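*Asks:* In the UniProt record's numbering, the protein residues as written are 1 to 194. By construction, the Cβ of each residue, glycine as well, lies at the ideal position given by its N, Cα and C atoms. Quantities reported herein were computed from a predicted structural model and do not represent experimental measurements.
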């Protein structure tokens with residue numbers, strides 16, 4: 001077991017770009033760290049569901065912020081019903097990602113869960129419900145990942161790796177947290193004692 005030492009550093013990263021100023025202002029008004037939930041939704045062919053939200057640029061995974069009284073799985077069920085009109089079983093936790101306050105003006109903890117594979121019946125129920133989404137597409141994994149912003153692409157790739165390995169990834173802004181097995185594998189020369 002590897003423990004964090006005082007000298008542990010975060011892995012090298014590209015400079016953190018702040019989010020849209022309106023989004024930063026909204027996040028900054030919220031109390032304490034925020035928590036969000038996203039779903040890695042797959043169909044029976046292994047394709048990944050990506051969504052195009054109207055309230056921000058770029059493609060995303062289905063999900064959203066947790067209400068103050070919700071547990072992560074409850075929030076994800078609510079978000080899937082509100083956004084897509086589906087109520088599938090939520091599978092296991094794949095990723096916990098801590099996004100630093102320098103991005104949104106407040107620390108955000110994001111939980112990614114596996115959902116699926118959706119059955120043909122569930123796929124038939126899928127619809128854009130609350131006006132938050134312009135589109136929802138099932139795409140082959142590589143095509144879906146290519147549409148996602150960098151941090152979310154890394155987070156989603158880690159989730160898919162966790163799904164295959166039976167682990168949970170602990171990330172810091174989409175990158176393996178220092179001292180974790182994933183960080184040791186990705187940045188072996190930069191870990192203390194390596």
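Helix, strand or coil for residue 155 per DSSP?
*Replies:* DSSP places residue 155 in helix when its eight states are reduced to three.
*Asks:* Would you mind sorting residue 89 into buried or exposed? The rule is 16 or more other CB atoms within 10 Å of its CB.
*Replies:* Answer is exposed; the Cβ neighbour count stays below 16.
*Asks:* Give the single residue among 45, 38, 57 and 67 whose Cα lies nearest to the Cα of residue 31.
*Replies:* Of 45, 38, 57 and 67, the residue nearest in Cα terms is 67.
*Asks:* Let me check understanding here. Comparing Cα to Cα, which of 87, 53 and 110 lies closest to residue 94?
*Replies:* Among 87, 53 and 110, the Cα nearest to that of residue 94 is on 110.
*Asks:* Please report the straight-line C-alpha distance between residue 27 and residue 56, rounded to a whole angstrom.
*Replies:* Their Cα atoms are separated by approximately 14 Å.
*Asks:* Report the three-state DSSP secondary structure of residue 124 (helix, strand or coil).
*Replies:* Helix.
*Asks:* Measure the C-alpha to C-alpha separation of residue 114 and residue 20 and round it to an integer number of angstroms.
*Replies:* Straight-line Cα distance between these residues: approximately 28 Å.
*Asks:* So for residue 58, helix, strand or coil by DSSP?
*Replies:* Correct three-state label for residue 58: coil.
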